[in-house]
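Just below is one structure, and these are the notes that go with it.
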Amino acid sequence: MRSCLRFTLPSLLFAALPIYAQTSGQQAPDLPPVSAEQSATGLHGTVGSEQVNITVCSDSVIHVVTVPEGGSTSSPKPWMLDQKESCPGGKFTFTKNADNATLKTAQLQIDFSLSRGNILIHDMAGDQLLQESRNVPRTYEPVVLNGEHTFQVEDRFNANPSEGIYGLGQHQSGLFNYRGATVELGQNNTDVAIPFLVSNRGYAILWNTAALSYFDNRFPRDISLSSIAGKSIDYYFIYGPEMDSIIHQYRSMTGHTPLLPKWAYGFFQSKDKYISLDEILDVGKRYRDEHIPLDAIVQDWFWWKIEGDPIFNSNYHDVPADLEKLHQMNIHAMISAWALLDPRSENFKQMEANHFDVPGAHVYDPSNPAARDLYWKNLTGKLFAQGWDAFWLDSAEPEEYFPHLGDAILRNKTLAIGNGAEYTNVFPLLHTIGTQEHWKQDNDKKRVFLLTRSAFVGQQRVGATVWSGDVYSTWWALSKQPAAGLNFALSGYPYWTTDIGGYIPPIDGKAEEPDFENIYTRWFEFGTFCPIFRTHGHRPANELWSYKNAEPILVSYDKLRYRLMPYIYSLAWKVTDQDYTIQRPLIMDWRTDPKVANIGDQFMFGPALMVSPVLKANATKREVYLPESPAWYDFWTGETVKGNSDLDVEAPLGKLPLYVRAGSILPLGPEIEYAEQDPGGPIELRIYRGADGSFDLYEDSGDSYDYQKGMHAITPIHWDDRSGTLTIGKREGSFPGMPEKRQFRIVFVGKDHGAGGGVSQRADREIEYDGKEVRVAAH
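Residue numbers for the sequence shown follow this note's numbering, beginning at 3 and rising by one.
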C-alpha cells in the first residue's frame, strides 16, 4: 500500500498545474507564480491555481488549508468542535516584503514564502519550530477511489536534528520516539490511528483528516504526512511550548474529557470468557469473601444466541435479577457488544433493509444518525435497560468479519458521511458518540463508561477508555505496552489500559506454563499504574487466586491501587477540569532534558509517582533514570536519591521500582474493597520534603453528572518547604452526602517512615478536619 503513495517527480502535480519546470544543477525546480494578501482571518495566498489559507485560531494555534484546482474544503469533520470552539480567531498583524508575507500573533510568526510557496513558523524568540520543505512542499495526485475523484495528498516538512516526535495514536512497534520511522495511521486490532503528532520542540500538528494516512521520517531531514484521499491539505499547528498546554488546546478544539464513574478507577476482573452470570456471581462472591478489592466484572462475547441480537443463550436465566445480585455486592457489570453483526441476526437484516449497513461489510454505519438510533434501540439500549453498568464496544475499528480481518477496512467502502477512502478512520468516534448520546438520553444520572479497542480524534470527549487490543501473552508483547500507552497519552487521550497478562497465548506455548505467572505478575505491577486497571485474557482461569504463587503479590498491588484512590480520583477531576494527563511520559515534565527523549518505559503517574515497570524475563534489576528534582524518595523504603541520576535498581519479582518526587503530597485512603466504600474514611497525607508542593483533593457523589452543576468539593493542600508548614485549606464547594468531617493522618516521609503500600502505623500529626483551614508545622 505504501508504494502507491510515493510520488516520483515526473508524476508530481502541484495544485493540478503543469509540472514544475526541470532545471539543471542544484537549483530547485521553478514554481508557479506566488501571491499573498491579508484575509479577514489571516492570510490568503496562491501558488499558481493552488489556494493557500492560513487562519489564526488563537495566539498559539493556526489552521492551514491548501486546495488544488478541482479540490474543495467542504468535507464534514465531525471530530472537530464547531468553529467558535475549534478556531475562534485571534489577534494578528500582517506584513509583506519582497520575500515573505508574514502573520504575527503574540506567540508565533508565520512566514509564507513569496518565492517558494512554503510555510515557516517561528516562536517570538526567533527559534524555528516548523518549516515546510522549500522544494515542492505540497503535492496532490488525482486518483479515482471508490468511483469518486479525489487526490492523494502529501505535505513535507524539515526536521530539526535533535527533534523527538511522539503521539500518532497507539502502535505496537515498541517505538516511543518516532524519529527515523514510518507509521501507518489506519485502524486495526492493536493499532489505533490518531493523526496528532507532538514534538519536543514545543509544537504539535493535527493532520486534519480521517483518511488512511502515513507519517514518514525514513530520511532524517524530512518528515512527510500523506493521505490516500483528500480534497485539500488540512492541518492545525499548535504551539505550547509545554505538552500540557498543547493537549489542553487540542482538547479545547476537539472536546474535553468527562469524569468517569468513580468505580471505573478500581479493578476490573475479566477473562475470555465467563459462560454465565452464575459463574460471574460466584467469582464476585469469592472476591468479597476473600476481601480482595474489586469494582467490576466483565461479560465478554458469545453471551448471545446470534451476534447482533440482544437475546442471551440458554446459560443465562434472569439477567436483571442476577445483575441486581452483583450490585448488592457493590460490583458493577460490563458487557461486550460488537459493531460486527451476524448476517443472520434480525438487527443486521433491519440495517441492511434500511441501507444502514456499510455495503460489503457486516457492520452498521455509525456515520448515519438513523443507524446509530437503530443500533441503540434494538441492541445496546435493550441491554442497558437490564441494568448493565458499562459497554465493551469491541471490534470498533471496525472488523469486517471474524476472525479479526480489519486492516483499515473502510478505505474501499462507501459511508453515509462520504467516501470511505476519506473517512477510513472515523468509525470508532461515531460508534462511541452514538452510544454516549443515547445512554445520556435514556439516563442522564448515570455516568457513561465505555471500553473500546480503537479511537480517533475527539473521542476523548466520550466516556470511553481504549485498551491496547488482542496482544500476545509474552514478554515481547509486554515490553511494547508502555511506549504504546505513553504515545497514546501524548495523542491527547487520557484513558488507556491493557489486557493484564496479554490476550493471546503464545503459539509455541500456553499461558498456564510456569513462566507465565511471572509475566502476569510484572504485567499486573505495570497495570496498577495505568489510568484504568483491568485484567483480561484467553485463559481458562484469570482470577487473582488462579496464580497461586503470585497471589500475595497481586493482592498487595490491588490493595495499593485502592489506597491510591483519593489521589487517582483527584487526578481524574484534573483531567476533566484542566485537561490533565495522568499517565505521563517523562518528556511531558522534562521536555528539554535530552536524556528523556527516548525513554518510553518509565512514566509519571500523576505529579508524584515515577513508575519503572520491569519488562524482561528473569530480571531482578532495571536501569532507572531520575530526572532533575531536589530529591526522589524510594516509595518502598523512604530513602532519598538525588535528581539527575542513573540508577541500577534492585527489582525482584514483586517489587516495581517506584519513586516519589520531592515536594509531593500523596493522599492515601483506608484499605477498602471497592472504590466508593468508606468515602469519609481517614486519609493518610504523605509529605515528601525537599520542595514546595500542592495538591487539590477532589470529592463528589461518584456516579452522576451533578459535578457538572458544581456539586463537588475541593480541599486545597499546600506544603511550604522553607517554613516546614502544611496548610490544609478551606474546603471549596459541597455535594449531597458529603462527609462533613474527616481525619487526616499526616506523615512526613523519611527512611522506614511513611514507606510502602500499607497504612503507616505511626502518624506525625492527626487532624480532625471540618472544612476550615488548618496549618500544621513539621517540627
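A virtual CB, placed ideally from N, CA and C, is assigned to each residue, including glycine.
What you are looking at is a predicted structure, and each value in this text was computed from that prediction instead of being measured.
Where P496 falls, given that 16 or more other Cβ within 10 Å makes a residue buried: buried
Between the region 284-303 and the region 242-253, can you find at least three pairs of beta-carbon atoms closer than 8 Å? no
Determine, using beta-carbon pairs with one atom in the region 740-753 and one in the region 678-686, whether at least three such pairs fall under 8 Å. yes
Could you tell me the alpha carbon to alpha carbon distance between A23 and F358, rounded to whole angstroms? With a pLDDT of only 36 at A23, under 50, the local geometry of the prediction cannot be trusted, and the value read off the model is given with reservation. Going by the C-alpha atoms only, they are around 49 Å apart.
Taking all protein chains shown into account, decide if F304 is buried (16 or more other Cβ within 10 angstroms of its Cβ) or exposed. exposed
Using alpha carbons as the reference points, say which of E348, V63 and S631 lies closest to V662. S631
Using DSSP with H/G/I as helix, E/B as strand and the rest coil, what is W441? helix
Quick check: what's the CA-CA separation for E515 versus D579? 45 Å
Tell me which same chain residues have a C-beta within less than 6 Å of the C-beta of L492, skipping the five on either side of it? Y168, G169 and V200
Taking all protein chains shown into account, decide if E652 is buried (16 or more other Cβ within 10 angstroms of its Cβ) or exposed. exposed
Give the DSSP-derived three-state secondary structure of Y497 in the structure shown. coil
Using a Cβ-Cβ cut-off of 8 Å (strictly less than) and excluding sequence neighbours within five positions of S76, which residues of its own chain qualify? K233
Mind checking T68: buried by the 16 CB within 10 Å criterion, or exposed? buried
Quick check: I123 and L116, are their CB atoms within less than 7 Å of each other? no
If you draw a straight line from the alpha carbon of A479 to that of V473, how long is it in whole angstroms? 6 Å
Environment of S647 [buried if 16+ CB atoms lie within 10 Å]: exposed
Looking only at DSSP bridge pairs, what is W469 linked to? T499
Quick check: what's the CA-CA separation for V778 versus Q330? 41 Å
In angstroms, rounded to a whole number, what distance separates the CA positions of A599 and Y180? 10 Å
Taking only three categories from DSSP, how would you classify G47? strand
Run through DSSP, which three-state label would Y522 get? helix
Closest to P587 by C-alpha separation, out of V577, D595, K623 and I601, would be which residue? I601
Considering only heavy atoms of the ligand FAD, does any lie closer than 6 Å to the CB of E675? This structure simply doesn't include the ligand FAD, nor any ligand for that matter.
Between which two residues does the alpha helix (DSSP H) carrying A485 extend? W477 to L492
Identify whether I411 lies in helix, strand or coil by the three-state DSSP scheme. helix
Within 10 angstroms of its Cβ, does H173 collect 16 or more other Cβ (buried), or is it exposed? buried
In chain order, each beta strand (DSSP E) run of at least 3 residues that lies wholly inside the region 191-265: 194-201, 205-209, 215-218, 224-232 and 235-241
Distance, Cα to Cα, Y709 vs Q462? 18 Å
For W306, which of helix, strand or coil comes out of DSSP? strand
Got a sec, what are the start and stop residues for the alpha helix (DSSP H) S88 sits in? Q85 to S88
Once the 5 residues before and after S572 are set aside, which same chain residues still bring their CB inside 8 Å of it? P669, F697, D698, L699 and Y700
Going straight from the alpha carbon of A161 to that of D224, what length do you get? 6 Å
Count the other CB atoms within 10 Å of the CB of T25; is the residue buried (16 or more) or exposed (fewer)? Summary for T25: the model assigns pLDDT 40, below 50, so the residue's position carries little reliability, and this model does not support an answer.
Per-residue DSSP class, three states only, for R346: coil
Can you check DSSP and say which residues form a bridge with D636? Y661
Going by C-alpha to C-alpha distance, which of S706, Q111 and I555 sits closest to R449? S706
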